[in-house]
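Have a look at the structure below before the remarks.
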Amino acid sequence: MNFKQLREQQDTFPVEVKTGEGVVELNWSDVEYADGYRVFTSPVGKNHFIGEINVKEPRAVLKKRKNGVALSYKVKAFRIADGPDNFFGESEVVIACPMETPKKLTASVGKDGVCRLSWRYNAACDGFKIYADDNGSGKYTFVRYCKDSACNLDNFNKSGNVAFCVRSFVMVQHEEKLSKASVPITVAIPKTKNERAAIPDHSEIRKVPESCENARFCAGSGQIQNNNHKCTVMIGGDITASKEMQRAAVKGSSSFNDAFASLGGIFAS
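Structure, rendered in structure tokens:
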């Protein structure tokens, strides 16, 4: 079969891509009549393909690739008898991006019960994805994205022994190119406690009868005083205090403080 017939009959063939740290592996099926294959690369989105290596088998391993940098790859088949640069078969274009695997993953839990993860990463990437296994099944589910090589899992609500792992990623044409998962780490996360918001403590304020003579509490009047401070009640305007609240204030009852503290209207100066 002559060269022209080969070119006319040969369809585009598929290529399988595998990546590792600094490595891109391409695999495809044998092309009939081919004596060898040449692998070409180009920046993503550009049609500037340059020949990289020749191989005899339908498999190519390209090493010393830059982690975090995506390139387009394609393969062309040739016959020695047809001379150099005469290719009669061409593969589809595939994109591959070798990724560095995050290393030395560590985990710690603060006094607030929040888990913090950190890891080592030296290559380029667009971010990281955190995964967790909270039931020991070995199946990890996505938790959150993280921009830097450390993050707090503030909204993670699982407790007990939880295993975490991290993967880096690069966005290439709206698709995530992921690294291999880091070595997982297991950490014991306590059950979080729902704490009530603290109520301002006004126990140091000395209540005096004179401060409650007015029945209206607003800025500039109805002040409760101690030696050096004053406390003015301001709640979006004037509020008329009941006689019961006035008497409670004079006696130092906590009901007076609680009533106004719940409204958030006490400003001390």
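According to the working numbering, numbering within the sequence shown proceeds without interruption in unit steps and concludes at 274.
The beta carbon of each residue, even a glycine, is placed where N, CA and C say it ideally should be.
Source: prediction; values computed, not measured.
For residue i, which three-state DSSP category applies?
{"i": "E105", "result": "coil"}
{"i": "A186", "result": "coil"}
{"i": "R172", "result": "strand"}
{"i": "R12", "result": "helix"}
{"i": "R70", "result": "coil"}
{"i": "M239", "result": "A caution first: M239 carries a pLDDT of 48, below 50, which makes its placement in the model unreliable, though a value can still be read off. Of the three classes helix, strand and coil, the one that applies to M239 here is coil, per DSSP."}
{"i": "Q230", "result": "Caution applies to Q230, whose pLDDT of 45 falls short of 50 and renders its modelled position unreliable; the value that the coordinates give is listed next. If DSSP states are grouped into helix, strand and coil, Q230 belongs with the strands."}
{"i": "N7", "result": "coil"}
{"i": "V177", "result": "strand"}
{"i": "A224", "result": "The pLDDT assigned to A224 is 44, lower than 50, so where the model puts this residue is not dependable; a value taken from the coordinates is nonetheless given after this. A224 falls in the coil class under three-state DSSP."}
Going by beta carbon distance, what residues of the same chain come within less than 6 Å of residue i, once the five residues before and after it are set aside?
{"i": "A186", "result": "C170, R172"}
{"i": "S47", "result": "H53, F54, S77"}
{"i": "A129", "result": "G73"}
{"i": "V60", "result": "Y42"}
{"i": "K196", "result": "S164"}
{"i": "E57", "result": "V44, T46"}
{"i": "G94", "result": "Q15, V36, A82"}
{"i": "R149", "result": "I135"}
{"i": "T24", "result": "A101, P103"}
{"i": "N166", "result": "T191, A193"}
{"i": "A203", "result": "Any reading at A203 needs caution, since the residue's pLDDT is 46, under 50, leaving its predicted position unreliable; the model's value is listed next. So the list is empty, once near-sequence residues are dropped."}
{"i": "L315", "result": "With the chain covering 6 to 274 only, the question about residue 315 has no answer from this structure."}
{"i": "K9", "result": "none"}
{"i": "G241", "result": "Its pLDDT being 47, under 50, G241 is placed unreliably by the model, and nothing is read from it."}
So, for residue i: in the same chain, excluding its five sequence neighbours on each side, which residues have a beta-carbon less than 8 Å away from its beta-carbon?
{"i": "P63", "result": "N32, W33, S34, D35, V36, Y42"}
{"i": "G121", "result": "According to the sequence as given, residue 121 is Arg; it is not Gly. Closer than 8 Å at Cβ, skipping near neighbours: A112, S113, V114, G115, A155, C156, N157, L158."}
{"i": "K163", "result": "A137, D139, I194"}
{"i": "Q178", "result": "V49, G50, I100"}
{"i": "L110", "result": "L122, S123, W124, F169, C170, V171, S187, V188, P189, I190"}
{"i": "V20", "result": "L31, N32, W33, Y78, K79, V80, S96, E97, V99"}
{"i": "A75", "result": "V49, I100, A101, C102, V175, V177, K182"}
Considering only residues of the same chain and omitting the five flanking positions on each side of residue i, which have a CB-CB separation below 7 Å?
{"i": "A86", "result": "none"}
{"i": "G27", "result": "K68, K69, R70, N72, P103"}
{"i": "D40", "result": "F83, R84, I85"}
{"i": "P189", "result": "A168, F169, C170"}
{"i": "E181", "result": "F174"}
{"i": "G132", "result": "Y150, C151, K152, F174"}
{"i": "V119", "result": "N157, L158, D159"}
{"i": "V66", "result": "V28, E30"}
{"i": "T106", "result": "E26, S184, K185, S187"}
Just grab the DSSP bridge partners of residue i for me.
{"i": "L345", "result": "Shown here, the chain extends from 6 to 274; a query on residue 345 therefore has no answer."}
{"i": "G25", "result": "V28"}
{"i": "F18", "result": "S96"}
{"i": "A39", "result": "In DSSP, A39 forms no bridge with anything."}
{"i": "I58", "result": "V44"}
{"i": "N166", "result": "A193"}
{"i": "F83", "result": "G41, F92"}
{"i": "N157", "result": "R121"}
Does the beta carbon of residue i come closer than 8 Å to any beta carbon on chain C?
{"i": "Y78", "result": "Although the question refers to chain C, the structure presented lacks it and comprises just one protein chain."}
Compute every distance between the C-beta of residue i and the non-hydrogen atoms of the ligand ATP, then say whether any falls below 7 Å.
{"i": "G143", "result": "The model depicted lacks the ligand ATP and carries no ligand whatsoever."}
**Item:** Sequence ranges, beta strand (DSSP E) only - wholly within the stretch 87-152, length at least 3
**Value:** 92-95, 99-101, 108-114, 120-125, 132-138, 146-151
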